[in-house]
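Under this note's numbering, residue 183 is the last one in the sequence shown; the count climbs by one each step, no gaps. The structure under discussion appears below in the form of structure tokens.
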Amino acid sequence: MIMKAKDGTQILLRKFTISEANNLSIYLNHLSPESKQRFGPHSFDVDSIYTMFDQSDNYVGYIAQDKTQKKIISYSLIKHGYLEHDKLRLESYGLEVDKVSDCTFSPSVSDDYQNKGIGKLMFDYIIDDLQAINKKRILLWGGVQAANESAFAFYLKQGFTVLGKFEHNGYNYDMIFDIN
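In structure tokens, the structure reads:
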């Protein structure tokens, strides 16, 4: 699907394929140190990417490419279900987690392309895909760091709600999005 960013850049949104592991590794390794610290569902090397996608149907990757430059500018990962180590914390908020209808979300946008609407375009694209496979809720992968005010504001703007606050390398908010 081709969309336009706020600055007019044409963006190609699509699912990630394992044949793009080298390009994804390049994208991830070119993130700023701050962005690298905040994105952590898997290591940034090609072998880790292959392991994640080759050995499990539980993960779906999504990418956005600058159509002109043909480089990855955004990557998001969906895990079907929830992270097992988060289960007790999520249930402590009164949430009944579900391996079938819930999914876990970890987004990233290249530092050079932030604040251009790419995250919103990607999120809307992913929501459409998740609706097609009957997912009902999205949980943030490891929550969002309280110090990451722009990400927290983004999630609120998209319709996420705060479940609660926890401490892990600083304060974080668990957030959830109900897919309609």
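Every residue, glycine too, gets a C-beta built ideally from N, C-alpha and C. Please read all numbers here as calculations on a predicted model, not as lab measurements.
Original post:
Shortest alpha-carbon distance to Y30 belongs to which of Y116, T54, D132 and M4?
Top reply: The shortest Cα separation from Y30 among Y116, T54, D132 and M4 belongs to Y116.
Subject >> Distance, N183 Cα to E99 Cα >> reply: 18 Å
Subject >> Segments of 3+ residues assigned as beta strand (DSSP E) that fall wholly inside the region 13 to 49 >> reply: Runs found: 13 to 18.
Original post:
Can N32 and F47 be called in contact, C-beta distance under 8 Å?
Top reply: yes
**OP:** State the CB to CB distance for the pair I121 and I76, rounded to an integer number of angstroms; the pair is presumed to be in contact (CB under 8 Å).
**Re:** 6 Å
Original post:
Thinking C-beta only, is D177 closer than 8 Å to Y85?
Top reply: no
Original post:
So L27 and Y128 are in contact, right, with Cβ under 8 Å, and what is the actual spacing, rounded?
Top reply: So it is not a contact: roughly 17 Å between Cβ atoms.
Subject >> Helix, strand or coil at L86 [DSSP, three-state] >> reply: coil
**OP:** Give the DSSP-derived three-state secondary structure of I136 in the structure shown.
**Re:** coil
Subject >> When F155, I14 and T164 are compared against Q72, the one with the closest alpha-carbon >> reply: I14
Original post:
With V63 and K123 assumed to form a contact (beta carbons below 8 Å), what rounded beta-carbon distance in angstroms separates them?
Top reply: About 19 Å separates the two Cβ atoms, so there is no contact after all.
Original post:
beta strand (DSSP E) containing Q68: first to last residue?
Top reply: Start and end: Y62 to D69.
Subject >> C-alpha gap between D57 and F180, whole angstroms >> reply: Between the C-alpha atoms of D57 and F180 there is a straight-line separation of about 28 Å.
Original post:
Assuming Y1 contacts S51 under a Cβ cut-off of 8 Å, what Cβ separation, rounded to an integer in Å, is found between them?
Top reply: Missing from the structure shown is residue 1; the chain here goes from 4 to 183 and no further.
Original post:
Residues in its own chain within less than 7 Å of Q148 by CB, not counting five upstream and five downstream?
Top reply: R41, G173 and N175
Original post:
Using DSSP with H/G/I as helix, E/B as strand and the rest coil, what is D131?
Top reply: In the three-state scheme derived from DSSP, where H, G and I count as helix and E and B as strand, D131 is classed as helix.
Original post:
Leaving out five residues before and five after A24 in sequence, what residues of the same chain have Cβ atoms less than 8 Å from its Cβ?
Top reply: V49, I52, Y53 and F56
Subject >> Own chain residues within Cβ distance below 6 Å of A186, not counting five before or after >> reply: A question about residue 186 goes unanswered here, because the residues of the chain that appear run from 4 up to 183.
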